[in-house]
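Asks: Have a look at the structure that comes next, please.
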């Protein structure tokens, strides 16, 4: 956690880092990774302009140099099952059905 904060966020204050919730920390890291992706995309565009300026015979696109959309999708994709969207329709239906449920009295001692 401290290494990622130093690497991606350039934050070295341990008290500040530990004051963040895990969700805040992950959001900061995702933001830093997206910023890095944007930087790579800009560099790919600059390389494209340089290639175009040197009168390249082959038609070059930015996507040939760097596919920023797939990089963004990888960063924003859920990393574990907790982040996936849950559909709670069946759960709510079962909860509603259980409200009216009354167990029958069973005699003890068989």
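Residue numbers (the numbering used here): -3 to 106.
Don't be surprised by glycine CBs; every beta carbon is placed ideally from N, CA and C.
Here the structure is a predicted model, which is why all the values come from computation and not from measurement.
Spatial neighbours of residue 70 within its chain, please: C-beta separation below 6 Å, excluding the five flanking residues on both sides.
Replies: Translated into the one-based positions of the chain shown, residue 70 becomes position 74. Closer than 6 Å at the Cβ level, and outside the excluded window around residue 70, lies no residue.
Asks: Where residue 32 and residue 64 are concerned, what is the direct C-alpha to C-alpha distance, given to the nearest angstrom?
Replies: Here residue 32 corresponds to residue number 36 of the chain shown, with the count starting at 1. Here residue 64 corresponds to residue number 68 of the chain shown, with the count starting at 1. Looking at the two C-alpha atoms, the distance is approximately 10 Å.
Asks: Assess, as a yes-or-no matter, whether the stretch 0 to 13 is touched by the stretch 22 to 31 under the definition of 3 or more beta carbon pairs within less than 8 Å.
Replies: yes
Asks: I'd like to know whether the C-beta atoms of residue 58 and residue 41 end up nearer to each other than 8 Å.
Replies: Counting from one through the chain shown, the residue named residue 58 turns up at place 62. Counting from one through the chain shown, the residue named residue 41 turns up at place 45. Cβ atoms of residue 58 and residue 41: closer than 8 Å.
Asks: Got a sec, what are the start and stop residues for the alpha helix (DSSP H) residue 87 sits in?
Replies: Residue mapping note: residue 87 aligns to position 91 of the chain shown, counting from 1. Per DSSP, residue 87 belongs to the alpha helix (DSSP H) from 85 to 95.
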